[in-house]
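Protein chains in written order, with this note's numbering: chain B, 417 to 789; chain A, 417 to 789.
Yeah, the Cβ is synthetic: ideal placement off N, Cα and C, and Gly gets one too.
Given the structure is predicted, the values throughout are model-derived calculations rather than measurements.
Notes follow the structure.
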DNA sequence: ATGAAAGCGCTAACAT
DNA sequence: ATGTTAGCGCTTTCAT
């Protein structure tokens, strides 16, 4: 009645009066054992409550049958966000009663994770979730040792040595980062096209010309968006080739740069924000300053998180197919019988322009969209 | 350069010119090996890119170092929800562009899962997520074989035989279900107190008397809520001892019973809904029928999911500390050095009444709350 | 302080 | 059709 620590194949074999090989065989090739024997074994398995040890199985087969998804501290940041980010609290009514911030949850990563979960289970793989709470490297290693393939959200993943190592051992997928120097599969959105869609719309549909980019170039996504923001404006003659365009370095939590820019300089026609989260912060800051959106200035986001739809005014943005990005990750890890990649791969997924209220569109409830492949 | 399938302790040992025992020792008791040796081993580990096999380690130690969280198809249902639930689509503007339903995401389970994740990582345990996509039993077994402790959301978990088996092998936590017959730790919210808070408020603050409960009694939570709904009304003399109270059996997706009850019978003073999701559906149905909330009828929910805060009118509800439920689960699994439970345990967590708009409160933005321990 | 060796539970040849 | 057996990579006494 005490600790019934583990029924093993041996117990089952003894109970069914067969060898352990037959037990294993009954499990994996039921059709290849005699009907009678099979039933006996199956009954023993049930009676004893046999639960195969994944460790032993993994060791013997050289495969674990699991996939890993590793986030570099996004989630932890988010978790502590509602406590530590005093700047966000100014307009919050009753923060103490709700741990979740409706403006940020579910996040970009959450939606990708969701797609990843769905596809993993669909493929019969169990999912291992990791996050860098502890010493980053140790943590990613510990999860890497448990899976047949690993998808990563690299935050500031400078230690490419480790990535190179891992990529020899198993297939690796990297989100939101074009890593051409490593044999990994990078999955990104079509940031450049998305930025062009936004600018085209702002310029052509609303006749706006003086744009300002808000965001810090601390990720490949943001960098690409900003580069295209500049390049495309130059191409269509909105700014000269030598100009830098207007860049406001602001993070979601430190909106000081943004606020001071708004109060000291002339208001642009539109704030083109690097992410939705940023745009939502901008929206709230502008409200605080008594500046109306879209009447006084237009605001656009990038990502397409849920919160943007729920904001007021609803956020015009570029939506990435995040669930698709998640699913694609799993498919890539499972390709080629799970063998490691030989060379870098870049997968760019299409995006969609979501026209909502914050740019001046759809004030009567409608929502339009246009895709780009 | 090709498949570098797995650097092992042996490789490291050879490279560092020591025995495998020393390698293992260097990793687990660095202070007990000579400085010089340690450095040599550590260098080899780095150089070779050694990633310990969790399978081998787990097999040798008899512990995997991982915790599992298993959802019985909540997520799958939700995943298919936006496609298959035609009834929900009537008022959706642009469903094709957004996979997530803002009224249901994040769900009750998602928030618990979040707490579970956070606490797992905090405790240095990796997390295994499972869901019953495949043959339910096989699937839960497969994840059970990989972890040292397992938390379950039992849907209609009738196969208690399996639970009993598992509970011998490792600690088991069960959410939202009082399982007194098994040696597992059940975690529930204080449903009865929550229901009393709701009724008290409706009766005392708003003078309402004719209540109707909406929901199907298909879970322990719902059953408890409904029982207390009856018992408490009888206790305070709102209904007689022999009366059944008004029960409308309606699921989120099949609101027919609710609609027909509304159109054929007299409107009650308040719809007391068994869950927030249900309440949100009720809200939307009432809107469709041209019935105003809270002017014509009050509506209350139960759970405290995010969507209720974002609804219009904002949903008055009872909020469970879902993150806390998640964290508690992990702590319970890790107690007693991870030994299985000997006897059933019931953990009941406090709830909070969230007074918002749908009951007639806080129409000017405020939100109040009162707790019960 | 380090090495040798015995498993941990399972799979997959290989034998019978 | 079923049994024997040799690992899989690691931890852990027990020697040295």
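Would you say residue 558(A) reaches chain B, if we count a Cβ-Cβ gap shorter than 8 Å as a contact?
Chain B contact via Cβ: present.
Alpha carbon to alpha carbon, what distance is there between residue 603(B) and residue 762(B)?
Their Cα atoms are separated by approximately 6 Å.
Leaving out the 5 sequence neighbours to the left and right, which residues in its chain are closer than 6 Å to residue 633(B) when beta-carbon positions are compared?
Closer than 6 Å at Cβ, skipping near neighbours: 639, 642.
Pick helix, strand or coil for residue 616(A), following the three-state DSSP scheme.
Reduced to three states, the DSSP call for residue 616(A) is helix.
Determine the closest residue to residue 477(B) out of 653(B), 440(B), 457(B), 450(B), with distance taken between C-alpha atoms.
Per the C-alpha coordinates, the member of 653(B), 440(B), 457(B), 450(B) positioned closest to residue 477(B) is 440(B).
Using the rule of at least 16 other Cβ atoms within 10 Å of the residue's Cβ for burial, across every protein chain shown, is residue 752(A) buried or exposed?
Its Cβ having fewer than 16 others within 10 Å, residue 752(A) is exposed.
If we ignore side chains and look at the alpha-carbon of each, how far apart do residue 683(B) and residue 543(A) end up?
Distance between the alpha carbons of residue 683(B) and residue 543(A) is about 48 Å.
Can you find the residues in the same chain that come closer than 7 Å, C-beta to C-beta, to residue 436(B), ignoring five residues on each side of it along the sequence?
Excluding positions up to five away in sequence, the list reads 425, 426, 429.
Which class does residue 642(A) belong to by DSSP, given the choice of helix, strand or coil?
Reduced to three states, the DSSP call for residue 642(A) is helix.
Going by beta carbon distance, what residues of the same chain come within less than 6 Å of residue 432(B), once the five residues before and after it are set aside?
Result list for residue 432(B): 456, 457, 460, in chain order.
List, in chain order, every chain B residue whose beta-carbon is nearer than 7 Å to that of residue 422(A).
Simply 585.
Secondary structure at residue 605(A), three-state DSSP: helix, strand or coil?
Per DSSP, reduced to three states, the secondary structure at residue 605(A) is strand.
Excluding the five sequence neighbours on either side, which residues of its own chain have a C-beta within less than 7 Å of the C-beta of residue 541(A), listed in chain order?
481, 482, 483, listed in sequence order.
Helix, strand or coil: how does DSSP classify residue 770(B) here?
When secondary structure is reduced to three states using DSSP, residue 770(B) falls in the strand class.
Per the DSSP calculation, residue 689(B) is bridged to which residue(s)?
Answer is 630(B), bridged to residue 689(B).
Residue 589(B) by DSSP, collapsed to three states: which one?
Secondary structure at residue 589(B): strand, using DSSP grouped into helix, strand and coil.
In the DSSP assignment, find the beta strand (DSSP E) that holds residue 486(A) and state where it starts and stops.
Counting along the chain, residue 486(A) sits inside the beta strand (DSSP E) bounded by residues 482 to 487.
Quick check on the burial criterion: 16 or more other C-beta atoms within 10 angstroms. Buried or exposed for residue 728(B)?
Exposed, because fewer than 16 other Cβ atoms sit within 10 Å of the Cβ of residue 728(B).
Does the Cβ-Cβ distance between residue 533(A) and residue 694(B) come in under 8 Å?
In this structure, residue 533(A) keeps its C-beta atom at 8 Å or more from the C-beta atom of residue 694(B).
Cutting at 7 Å between CB atoms, please list the residues of its own chain near residue 674(A), excluding the five before and the five after it.
Here the set comprises 630, 664, 666, 698, 701.
CA-CA distance, residue 510(A) and residue 605(B)?
Because residue 510(A) sits at a pLDDT of 40, beneath the cut-off of 50, its placement in the model cannot be relied upon, and the point is left open.
Using alpha carbons as the reference points, say which of 776(B), 576(B), 756(B) lies closest to residue 586(B).
Closest by alpha carbon: 756(B).
Status (buried if at least 16 other CB within 10 Å, exposed otherwise) for residue 607(B)
In summary, residue 607(B) is buried, with 16 or more beta-carbon neighbours lying within 10 Å of its beta-carbon over all protein chains present.
CB contact check: residue 533(B) to chain A, cutoff 8 Å
Yes, its Cβ sits closer than 8 Å to a Cβ of chain A.
From residue 422(A) to residue 467(A), what distance separates their C-alpha atoms?
Taking the straight line from one Cα to the other gives about 8 Å.
In its own chain, which residues sit with a C-beta less than 7 Å from the C-beta of residue 593(A), not counting the 5 before and 5 after it?
In its chain, beyond the 5 residues on either side, 570, 602, 636 have a beta carbon closer than 7 Å to the beta carbon of residue 593(A).
Does the CB of residue 470(B) have a neighbour CB from chain A at under 8 Å?
It does: the Cβ of residue 470(B) has a partner Cβ on chain A nearer than 8 Å.
Taking just the CA atoms, how far does residue 442(A) sit from residue 434(A)?
Going from the Cα of residue 434(A) to the Cα of residue 442(A) covers about 11 Å.
Kindly say whether residue 474(B), judged by its beta-carbon, lies nearer than 8 Å to any beta-carbon of chain A.
Using beta-carbon distances, residue 474(B) counts as an interface residue toward chain A, with a partner under 8 Å.
Is there a Cβ from chain A that is less than 8 Å from the Cβ of residue 430(B)?
For residue 430(B), the closest Cβ of chain A is not nearer than 8 Å.
Among residues of its own chain, excluding the 5 on either side of residue 479(A), which ones have a beta-carbon nearer than 6 Å to its beta-carbon?
Once the five neighbours on either side are set aside, the close Cβ partners of residue 479(A) are 564.
Determine which residues share a DSSP beta bridge with residue 734(B) and list them.
Secondary-structure assignment with DSSP links residue 734(B) through a beta bridge to 769(B).
Is there at least one Cβ from chain B nearer than 8 Å to residue 446(A)'s Cβ?
It does not; no Cβ of chain B falls within 8 Å.
Neighbour flag for residue 522(B) against chain A, beta carbons, 8 Å
For residue 522(B), at least one C-beta of chain A is nearer than 8 Å to its own C-beta.
Kindly list, in the order they appear in chain B, the residues whose Cβ is closer than 8 Å to that of residue 562(A).
Ordered by position in chain B, the residues that pass the 8 Å Cβ test against residue 562(A) are 470, 471, 482, 542.
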